[in-house]
Amino acid sequence: MRINFVLNGEPRRVECDPDRRVVDLLREELGLTGVKEACGAGECGACTVLVDGQARLSCLMLAAQLEGRELTTIEGLAAAGQTLDPLPASFVETGAVQCGFCTPGMVLSARALLERAPAPSRREIRQGLSGNLCRCTGYQKIIDAVELAAARGRGDEPWPR
Amino acid sequence: MNPRGFQDGRKTSRDGDLAKARGLEMFAADRYGAGMLWAGVRRAGVAHAAIEGVDTSRALAAPGVVAALTHADIKGSNRQGVIQRDQPVLADDRVRHRGDAVALVVAETRQALAAALELISLQLSELPAVFDPDQALAKGAPIIHPGHAGGNLLLGGRVETGRGEAVLAECAAMVEAEYRLPWQEHAYLETEAGWAIQEDDGRLIIVSSTQTPFRDRQEVAEALGLDPARLRMIAPPTGGAFGGKDGVSVQSLLALAALACPGRPIKMWWSREESFLASPKRHRARLRYRLGADSQGRFQALAAEIVYDTGPYDHLGGAVLTLGLEHAGGPYRIPNALIEARAVYTNNPVSGAFRGFGVPQVAAAMEMTVDLLAAKLGRDPLDLRRLNAVRRGDIIAPGVTLTGSTEIGQCLDRLEAHDLWRGRRAWKEAAGPFQRRGVGVAAVMHAVGYGPMVPDVGNAKIELGADGVFSLFCGVVEMGQGNSATYGLLAERVLGQEPGSVRLIQPDTDRCLPSGSASASRTTFTFGNAVLGAATLLRERLLARAADALLGVAPAEMALLPGRVRHLPTGKELPLDLLARLMTPEQRVAVHRHRAPASTQRPSADPVLQMHGLPHEVFSFGAVLAAVEIDELTGRLRVERLITAVDCGGLIDPLLAERQVEGAVVQGLGYGLYEEFLAREGRVLSPDLATYIIPTALDAPEMETVFVPGHEESGPLGLKGVGEVGIDGPLPALANALRDAVGDCPRRFPLTPERVLEALAGAGERGGRP
Ligand code: FES
Ligand code: FES
Chain C
1 MRINFVLNGE
11 PRRVECDPDR
21 RVVDLLREEL
31 GLTGVKEACG
41 AGECGACTVL
51 VDGQARLSCL
61 MLAAQLEGRE
71 LTTIEGLAAA
81 GQTLDPLPAS
91 FVETGAVQCG
101 FCTPGMVLSA
111 RALLERAPAP
121 SRREIRQGLS
131 GNLCRCTGYQ
141 KIIDAVELAA
151 ARGRGDEPWP
161 R
Chain D
162 MNPRGFQDGR
172 KTSRDGDLAK
182 ARGLEMFAAD
192 RYGAGMLWAG
202 VRRAGVAHAA
212 IEGVDTSRAL
222 AAPGVVAALT
232 HADIKGSNRQ
242 GVIQRDQPVL
252 ADDRVRHRGD
262 AVALVVAETR
272 QALAAALELI
282 SLQLSELPAV
292 FDPDQALAKG
302 APIIHPGHAG
312 GNLLLGGRVE
322 TGRGEAVLAE
332 CAAMVEAEYR
342 LPWQEHAYLE
352 TEAGWAIQED
362 DGRLIIVSST
372 QTPFRDRQEV
382 AEALGLDPAR
392 LRMIAPPTGG
402 AFGGKDGVSV
412 QSLLALAALA
422 CPGRPIKMWW
432 SREESFLASP
442 KRHRARLRYR
452 LGADSQGRFQ
462 ALAAEIVYDT
472 GPYDHLGGAV
482 LTLGLEHAGG
492 PYRIPNALIE
502 ARAVYTNNPV
512 SGAFRGFGVP
522 QVAAAMEMTV
532 DLLAAKLGRD
542 PLDLRRLNAV
552 RRGDIIAPGV
562 TLTGSTEIGQ
572 CLDRLEAHDL
582 WRGRRAWKEA
592 AGPFQRRGVG
602 VAAVMHAVGY
612 GPMVPDVGNA
622 KIELGADGVF
632 SLFCGVVEMG
642 QGNSATYGLL
652 AERVLGQEPG
662 SVRLIQPDTD
672 RCLPSGSASA
682 SRTTFTFGNA
692 VLGAATLLRE
702 RLLARAADAL
712 LGVAPAEMAL
722 LPGRVRHLPT
732 GKELPLDLLA
742 RLMTPEQRVA
752 VHRHRAPAST
762 QRPSADPVLQ
772 MHGLPHEVFS
782 FGAVLAAVEI
792 DELTGRLRVE
802 RLITAVDCGG
812 LIDPLLAERQ
822 VEGAVVQGLG
832 YGLYEEFLAR
842 EGRVLSPDLA
852 TYIIPTALDA
862 PEMETVFVPG
872 HEESGPLGLK
882 GVGEVGIDGP
892 LPALANALRD
902 AVGDCPRRFP
912 LTPERVLEAL
922 AGAGERGGRP
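Quick mapping for you: the protein sequence lines, in order, are chains C and D.
Residue numbers for the first sequence, in the numbering used here: 1 to 161.
Residue numbers for the second sequence, in the numbering used here: 162 to 931.
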């Protein structure tokens, strides 16, 4: 079937099986390998994408569900023309990236959280990211990163050069 | 074909981290492309069986199937393994656990692959199986490797020092306890993955998520009967490894598939369930400890009986056990000891390397026993540890003299001075209704590098490119520790270049030089020294050549500065790209081999223990302080604070060191509180991340990491390893905190609410429920 949706700011029309998993469509067909898969069962959050600004698990979504939606992957988070998102650089500065396999999903969940709550407490950040597993960092520096990005988003902290 | 699918030439770790945070890093699983085939294996599904036949004909006839292979298609030894080559690539005569791979299928699509794997028919005749290490050692037990001289005993080690256990009877106070530690699954987010291709000239390129590209090349070559020179292994950064990728997973299978399908790229990517079933775990363990002290609290004797369930294959199990044996008595002076350790084959899932490498189990037993002894002596547990903590020159329980930097005393001092420790009474008393609070401590040590026999060698190569930019060819893998960034930093310091200006080339057996595994807390310790050597050599050569070029000046008058060489007396400068053009390609490359110091001590005359790594020369140290709150009604244990003091020698990049410790601490916390890998009759009962619970952002506490000042002579810039020491202490510190809170602690883990409630009811003393 033909599916129309907006991918990282650009209208797209793709031809595919309606029950193709969104994670496969993105990785295999559209070359967006920043979307990770680590369980395929909704347990880890590595495959997180934003659908109309909400964090969704692309391993549990079928292509047909994309019809008419606006989809953002990590590659599109700071796509040209849009304002630069402070999250990726904040992750790097605070040391929140180790192996990096959880990071794209983590960043997108954090983005969705900051849309809802521009000044979250550490506890709220932990809650907002509790669906995203990270095996490397112990989370502390990820929480630091989101706090920093939130402050930057509000203009309370200078952006990195 | 040029192996894309991984990036190199990026400049700094920060760039690397940024690439990851933007989703641009290419992991081993991230390659797709036209004509890519998919490979997968059919696993045995029974724990122990003789293989009578494997019929692939129906699979081969299925649509989209390109190849279906069995052990009969393997020309080499069909055996892999690091020390004992006892694990088949594809099972031949028998199946030894449910996850054994029996047939390999290559297909055009994932769907075709999945369908074809179902069509493989296995004729298996089941054999009696054994799942308990004690039963496996009993007379008449089914033997898992009939050719193995020790029967089901993979490795047994015994070290006796002083007058041994006899001294226990003379001790003013003696305590004893038996502990059981569960399997722990690595649960790296990136499951085993890779891709391969056989090129027109017959060479095989294998890109995989691995900690050991050079060793893989040797193992794959032997197992498949190939000339190692025919193999090119490439190791992009892993999506987590922690020891679980210290050994072959997809590599041989991909090579076999590529041999059968020349010219086509072939990908293999294990599912989460497959990874849980077939990847190695931290060894399940049973430990029986007796510890005695004199009336002043000085440790006099230790008797430790250690049994590790290694599953059906060695997979470094012997080395893991030996490291456990070496660390059995912790960072304490103990003049008399008897340590008996056994690693036993069973038909359970395979156990192998996991960050900590046999130490977390013994640290758990030792540190909980120390608290029992403190209680018996009526001593403050932190104080008792300080009294017995080793200093440089002291001898630990297995008879190893500590000759390197030894700052466990400082670690304990820092905890003692911490406001959490000083204010613990008031904090505990402030617990709300139905809440109890406790504070626990643990002290640990962790060896750095390989043991005395296996050379711990790094070979660094640095090149000044024709464009005037330096490239550093990394011999050890980047697993997220940021080690390659540290190498870059070391090279930049020596070469006088701006931070981030040296290109980092990730391991590739064609371009980099063999430098051992990314494991054993050794990467920076060993390879860092090699980098310093290579950078120094290249610097001297560049200065000499530049001096020649400027006619009549001495190299000593020259300085290497960012992008240029400067003649200091006159200020004349030579840009590096110009200098590069004055040199041949060979002159622009410097190589340095560094071998880490190997201990010359022989605490045991047993060559097998020496071969498996006893003893080490350099150790890092750590101490953990944990504060927990227990809900009396639900048994819920909450970690309120967790402080880790670490002696890892000098610090090159404090942020990188801190993130290693934090990550290790939360893995250790998961080990203590949540992670219960369960198998019954070899069948995995916790097959996925819904049933095997690792800590989430809500479970991890706010942590504090304190680095005590130290300097290890043999380390690069005084540094020791920091990758593992953080994982050894959390479990016993939490257990001791629980005991502090409720007066008792289970001896089984993890500390689930049920077990906490049992401890509250005082049942823990009897060892908890089976
Ligand atoms: S891959 Fe989608 S939640 Fe794990
Ligand atoms: S950085 Fe490795 S899983 Fe999060």
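For every residue, glycine included, the Cβ atom is placed at its ideal position computed from N, Cα and C.
Just so we're clear, the structure is a prediction, and the values are computed from it rather than from any experiment.
For this session: Note down the Cα distance separating residue 751 of chain D from residue 33 of chain C, rounded to an integer number of angstroms.
Result: 36 Å
Exercise. Is it true that the CB of residue 147 of chain C sits closer than 8 Å to the CB of residue 122 of chain C?
Worked result: Residue 147 of chain C sits close to residue 122 of chain C, with the two beta carbons spaced by under 8 Å.
Exercise. Buried or exposed: which applies to residue 163 of chain D, given that a residue is buried once 16 or more other Cβ atoms fall within 10 Å of its Cβ?
Worked result: For residue 163 of chain D, the predicted structure reports a pLDDT of 32, less than 50, and the residue's modelled location is therefore unreliable. The matter cannot be settled from this model.
Exercise. Looking at residue 785 of chain D and residue 578 of chain D, is the spacing between their C-beta atoms short of 8 Å?
Worked result: no
For this session: Run through the stretch 430-472 of chain D for me and flag every whole alpha helix (DSSP H) of 4 or more residues, listed as ranges in chain order.
Result: 433-439
Problem set entry | chain C contact for residue 369 of chain D (CB, 8 Å cutoff) | no
For this session: Determine the direct distance from the alpha carbon of residue 843 of chain D to that of residue 291 of chain D, and round the result to whole angstroms.
Result: 9 Å
Exercise. Looking at residue 352 of chain D and ligand 2, is the gap between the Cβ and the nearest heavy atom below 7 Å?
Worked result: Not so, every heavy atom of ligand 2 lies at least 7 Å from the Cβ.
Exercise. At a Cβ cut of 7 Å, what residues of the stretch 91-119 of chain C count as close to chain D, listed as they run along the chain?
Worked result: 91, 92, 95, 97, 98, 99, 100, 101, 102, 103, 104, 107
Problem set entry | Inter-residue spacing [alpha-carbon to alpha-carbon] between residue 181 of chain D and residue 101 of chain C | 8 Å
Exercise. Measuring from the CB of residue 46 of chain C, is there a heavy atom of ligand 1 at a distance below 7 Å?
Worked result: Taken from the Cβ of residue 46 of chain C, at least one heavy atom of ligand 1 lies inside 7 Å.
For this session: Flag this pair as yes or no: are the beta carbons of residue 230 of chain D and residue 421 of chain D separated by less than 8 Å?
Result: yes
Exercise. Does ligand 3 have a heavy atom nearer than 7 Å to the CB of residue 100 of chain C?
Worked result: For ligand 3, the structure offers nothing, since it holds only ligand 1 and ligand 2.
For this session: Using a Cβ-Cβ cut-off of less than 8 Å, list which residues of the stretch 133-158 of chain C approach chain D; keep chain order.
Result: For the stretch 133-158 of chain C, the beta-carbon criterion of a distance under 8 Å to any beta-carbon of chain D is satisfied by 133, 134, 135, 136, 137, 138, 139, 140, 141, 142, 143.
Exercise. Taking Cβ to Cβ, would you say residue 690 of chain D is nearer than 8 Å to residue 505 of chain D?
Worked result: no
Exercise. Does residue 657 of chain D come within less than 8 Å of chain C when only Cβ atoms are used?
Worked result: no
For this session: Return the first residue and the last residue of the alpha helix (DSSP H) that residue 140 of chain C is part of.
Result: 140-154
Exercise. When you compare only the Cα positions, how much space is there between residue 753 of chain D and residue 694 of chain D?
Worked result: 5 Å
Problem set entry | Where the beta strand (DSSP E) through residue 10 of chain C begins and ends | 10-15
For this session: In the DSSP assignment, find the unbroken alpha helix (DSSP H) run with residue 527 of chain D in it and report its ends.
Result: 520-538
Problem set entry | Contact set for residue 190 of chain D: own chain, Cβ-Cβ below 6 Å, skip 5 residues either direction | So the qualifying residues of the chain are 354, 430.
Exercise. Once you ignore the five residues that flank residue 700 of chain D on each side, which residues in its own chain have a CB closer than 7 Å to its CB?
Worked result: 655, 656, 721
Exercise. At a Cβ cut of 9 Å, what residues of the stretch 32-62 of chain C count as close to chain D, listed as they run along the chain?
Worked result: 32, 33, 34, 35, 36, 37, 38, 39, 40, 41, 42, 43, 44, 46
Exercise. Just checking, does the stretch 477-497 of chain D make contact with the stretch 627-647 of chain D on the three C-beta pairs under 8 Å criterion?
Worked result: At 8 Å Cβ cutoff, the stretches do not touch.
For this session: Return the CA-CA distance between residue 780 of chain D and residue 244 of chain D, expressed in angstroms with no decimal places.
Result: 23 Å
Problem set entry | CB contact below 8 Å: residue 518 of chain D versus chain C | no
Problem set entry | Beta-ladder partner(s) of residue 210 of chain D, from DSSP | D:256, D:287
For this session: May I ask whether a heavy atom of ligand 2 can be found less than 7 Å away from the beta carbon of residue 135 of chain C?
Result: Remark: the C-beta of residue 135 of chain C is in contact range of ligand 2, defined as less than 7 Å to any heavy atom.
Exercise. Within this structure, are the beta carbons of residue 907 of chain D and residue 868 of chain D separated by less than 8 Å?
Worked result: Result no, Cβ atoms of residue 907 of chain D and residue 868 of chain D do not sit closer than 8 Å.
Exercise. Along the chain, which unbroken stretches of the alpha helix (DSSP H) at least 4 residues long are found entirely within the stretch 767-826 of chain D?
Worked result: Taken in chain order, the complete alpha helix (DSSP H) segments of 4 residues or longer contained in the stretch 767-826 of chain D are 768-772.
For this session: Just tell me which of D:728, D:259, D:343, D:796 has its CA closest to the CA of residue 831 of chain D.
Result: D:343
For this session: In angstroms with no decimal places, state the Cα-to-Cα distance between residue 895 of chain D and residue 789 of chain D.
Result: 7 Å
Exercise. What does a CB cutoff of less than 6 Å around residue 321 of chain D pick up in its chain, not counting 5 residues either side in sequence?
Worked result: 499
Exercise. Below 8 Å, can you find three or more Cβ-Cβ pairs linking the stretch 60-69 of chain C to the stretch 5-25 of chain C?
Worked result: Enough Cβ pairs lie closer than 8 Å, so yes.
For this session: Have a look at D:729, D:757, D:633, D:221 and flag the residue whose alpha-carbon is nearest the alpha-carbon of residue 687 of chain D.
Result: Residue D:757 is the option with its Cα nearest to residue 687 of chain D.
Exercise. Apart from the five residues on each side of it in sequence, which residues of its chain come closer than 8 Å, Cβ to Cβ, to residue 349 of chain D?
Worked result: 399, 400, 401, 402, 403, 405, 406
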